[in-house]
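J.: For what it's worth, this note's numbering labels the leading residue of the sequence shown as 58, then goes sequentially. Glycine is no exception: its CB is placed at the ideal position from the N, C-alpha and C atoms. One structure coming up, written as structure tokens, with questions to follow.
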Amino acid sequence: MSLLTMGPGPAPVDVGTPTTCSGLQNALARRQIARATTKSSGVVMRKTAKPVIIPVLSGLRNLACLAGWIWVLMFGFHAASSAQLLRPVDIIVPFGTGGGADELARFCAPLLEQENRAPVTVTNVPGSTGNVGMARLLSAPSDGTTLAVLTGDTYASLAYYNAPWNTKDVTPLAILTRQSSALFVAASSPFQSWQDFEAKARKSPRALRVAISGYGSPDYISLEQLSIKGIHLTPLPLDNPEERYQALLDGAADALYEQPGDVRSFTEAAKMRPLLMFGASREPEFKDVPASAEVGMGSGLPQFRAVVVKAGTDPQIVKALAEAFARIAAMPEFKNFLARQYAAPSSFVAAESALAFMQSQIDVMKKVVAGMPLHAQFPISDSHQDEPAPPSF
58 MSLLTMGPGP APVDVGTPTT CSGLQNALAR RQIARATTKS SGVVMRKTAK
108 PVIIPVLSGL RNLACLAGWI WVLMFGFHAA SSAQLLRPVD IIVPFGTGGG
158 ADELARFCAP LLEQENRAPV TVTNVPGSTG NVGMARLLSA PSDGTTLAVL
208 TGDTYASLAY YNAPWNTKDV TPLAILTRQS SALFVAASSP FQSWQDFEAK
258 ARKSPRALRV AISGYGSPDY ISLEQLSIKG IHLTPLPLDN PEERYQALLD
308 GAADALYEQP GDVRSFTEAA KMRPLLMFGA SREPEFKDVP ASAEVGMGSG
358 LPQFRAVVVK AGTDPQIVKA LAEAFARIAA MPEFKNFLAR QYAAPSSFVA
408 AESALAFMQS QIDVMKKVVA GMPLHAQFPI SDSHQDEPAP PSF
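Structure (structure tokens):
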């Protein structure tokens, strides 16, 4: 304790025992008192200690209060936004296990769990080219606890006249992957090149079967585009990716339409090989495989995978989730994931630009569908007749 005294006179002022001031406030008070004193014969003379310390304490209280408000303005809204994440989240994958959408969801789930500080689960809900899973999302509460991986396969359904939902029903949180697609055959296939495959398809229309994700998908649209070029193939729709891959390996399908990253384990094990890449130019990782545009088959439709939430979700919750996915997309682990998937390094599209990106994709899809035969503009799946049709939202 330090007492400033001077013989008889007013009571000493104790500046060492904190009252409502912090240690920093006390230090500042001492400085103010020191400036208000004079020295005489080596003895510290107090002039107006009391009148000085009271304004100092009052000013410091105001300063502390101001600092508190600054903290709230800087961090308070972030804390409130982050608090929206402190609830369990379920990510719906509208396809079976083993495919690209499933891999993406299961890769992101533990990272989102770290951001969320609450459990994150993944639920596979296959059927009707992903529309059964979308129906599950759109029947859930709009509270941000249910998300869905929306792929180009399902999104393409909006290009048709009988689409079961529309873009107003969902709010995108991020576009996470963008990839090219390819036509694969089994390693034991007699077709050694695209030219071999094309020759057989022209000679025997509808004889070759191609495993696809479902009617109305970019897979289906691409086959219809080939049909316009005189290459008539028979689609074999299988929602479950593992079933599609096995169908090719077992010989039930002659070819498979898929994104290279989704079947990387099969190509690296020499069980599958690509014959044609759908795109304007060759892919760096597949320099020996021709691009569809260079053989006169158009550019195809690129695949993308987004994460969406039901429309009507609280904007603060949407903001918190979108920011969480933006942080995930910036992680080195995510960049490595993109490389393994043969996805574009610039795949990520933030929430504020995601809807415009999706609209540009649907515009392209609608243009392609409009040029298809009339029967192809109303695709009806006959492979899921035992499943309930997705409701109209």
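How about valine 366 and leucine 204: do their beta carbons lie closer than 8 Å?
T.: Residue 366 sits at position 309 when you count from the first residue of the sequence shown. Residue 204 sits at position 147 when you count from the first residue of the sequence shown. Taking 8 Å as the Cβ cut-off, valine 366 and leucine 204 qualify as a contacting pair.
J.: Is DSSP giving threonine 324 helix, strand or coil here?
T.: Start at 1 with the first residue of the sequence shown, and residue 324 comes out as number 267. If DSSP states are grouped into helix, strand and coil, threonine 324 belongs with the helices.
J.: Under a three-way DSSP split, which group does tyrosine 212 fall into?
T.: Counting from 1 along the sequence shown, the entry for residue 212 is found at position 155. In the structure shown, tyrosine 212 sits in a helix (DSSP, three-state: H, G or I).
J.: Using the C-alpha atoms, what's the distance from glutamate 315 back to glutamate 300?
T.: As a first step, residue 300 must be located in the sequence shown, where it is residue number 243. As a first step, residue 315 must be located in the sequence shown, where it is residue number 258. Cα to Cα, the separation comes out at about 13 Å.
J.: Just the C-alpha distance for alanine 326 and arginine 397, rounded to the nearest angstrom, thanks.
T.: Mapped onto the sequence shown, residue 326 falls at position 269. Mapped onto the sequence shown, residue 397 falls at position 340. Approximately 15 Å, taken between the alpha carbons.
J.: Using 10 angstroms around the beta-carbon of serine 274, count the other beta-carbons present and answer buried if the total reaches 16, otherwise exposed.
T.: In the sequence shown, counting from the first residue as 1, residue 274 sits at position 217. Looking at its Cβ environment, which holds 16 or more other Cβ atoms inside 10 Å, serine 274 is buried.
J.: Which residues does DSSP list as the beta-bridge partners of glutamine 236?
T.: Sequence index remark: in the sequence shown, residue 236 carries index 179 (1-based). Glutamine 236 is bridged to Gln360.
J.: When the Cβ atoms of the segment 335 to 343 are set against those of the segment 235 to 251, are three or more pairs found closer than 8 Å?
T.: Yes, the segment 335 to 343 touches the segment 235 to 251.
J.: Assuming leucine 358 and serine 279 are in contact, meaning their beta carbons sit under 8 Å apart, how far apart are those beta carbons, in whole angstroms?
T.: The residue you call residue 358 lines up with position 301 of the sequence shown. The residue you call residue 279 lines up with position 222 of the sequence shown. At roughly 6 Å, the Cβ-Cβ gap stays under 8 Å, so leucine 358 and serine 279 are in contact.
J.: Return the first residue and the last residue of the alpha helix (DSSP H) that tyrosine 302 is part of.
T.: In the sequence shown, the residue the question calls residue 302 occupies position 245. Here the alpha helix (DSSP H) through tyrosine 302 covers 298 to 307.
J.: Who are phenylalanine 394's beta bridge partners in DSSP?
T.: As a position in the sequence shown, residue 394 is number 337, starting the count at 1. DSSP, once it has assigned bridges, lists no residue as partnering phenylalanine 394.
J.: Using 10 angstroms around the beta-carbon of valine 421, count the other beta-carbons present and answer buried if the total reaches 16, otherwise exposed.
T.: The residue labelled residue 421 in the question sits at position 364 within the sequence shown. So valine 421 ends up on the exposed side.
J.: Helix or strand or just coil, what does DSSP make of arginine 88?
T.: For this step, residue 88 is matched to residue 31 along the sequence shown. Note that arginine 88 scores a pLDDT of 43, beneath 50, so its modelled location is shaky; the value from the coordinates is reported in the next line. Helix at arginine 88.
J.: Please report the distance separating the alpha-carbon of glycine 353 from that of alanine 304.
T.: To locate residue 353, count along the sequence shown from 1; it is residue 296. To locate residue 304, count along the sequence shown from 1; it is residue 247. Using only the alpha carbons, I get a separation of about 28 Å.
J.: Measuring straight from C-alpha to C-alpha, what distance separates proline 298 and glycine 153?
T.: In the sequence shown, residue 298 corresponds to position 241, counting from 1. In the sequence shown, residue 153 corresponds to position 96, counting from 1. Roughly 6 Å between the two C-alpha positions.
J.: What would DSSP say about lysine 376, mapped onto helix, strand or coil?
T.: For the purposes of this step, residue 376 is taken as residue 319 along the sequence shown, with counting starting at 1. In this structure, lysine 376 counts as helix in the three-state DSSP scheme.
J.: Starting from the C-beta of alanine 175, find all residues in its chain whose C-beta is less than 6 Å away, skip the five residues before and the five after it, and write them out in chain order.
T.: Taking the sequence shown and counting its residues from 1, the one referred to as residue 175 is at position 118. Only Leu143, Arg144 and Pro145 meet the Cβ criterion.
J.: Taking buried to mean at least 16 other C-beta atoms within 10 Å of its own C-beta, is arginine 163 buried or exposed?
T.: Residue 163 sits at position 106 when you count from the first residue of the sequence shown. Its Cβ having fewer than 16 others within 10 Å, arginine 163 is exposed.
J.: Does DSSP put glutamate 351 in a helix, a strand or coil?
T.: Here residue 351 refers to the residue found at position 294 when the sequence shown is read from its first residue. Three-state DSSP puts glutamate 351 in a helix.
J.: Would you kindly work out how many angstroms separate the C-alpha atoms of phenylalanine 241 and glycine 201, rounded to a whole number?
T.: The sequence position of residue 241 within the sequence shown is 184, counting from 1. The sequence position of residue 201 within the sequence shown is 144, counting from 1. C-alpha separation (whole angstroms): 38 Å.
J.: Can you say whether glutamine 418 is buried or exposed, counting buried as having 16 or more other CB atoms within 10 angstroms of its CB?
T.: If you number the sequence shown from 1, residue 418 lands on position 361. Under this definition glutamine 418 is a buried residue.
J.: Alpha carbon to alpha carbon, how far is leucine 290 from proline 221? Give it in angstroms, no decimals.
T.: Mapped onto the sequence shown, residue 221 falls at position 164. Mapped onto the sequence shown, residue 290 falls at position 233. Each residue's alpha carbon lies about 27 Å from the other.
J.: Any chance the CB of isoleucine 278 is under 7 Å from a heavy atom of the ligand NAD?
T.: In the structure shown, the ligand NAD is absent, as is every other ligand, since no ligand is present at all.
J.: From the DSSP output, in three-state form, read off threonine 291 for me.
T.: As a working mapping, residue 291 is identified with position 234 in the sequence shown. Threonine 291 falls in the strand class under three-state DSSP.
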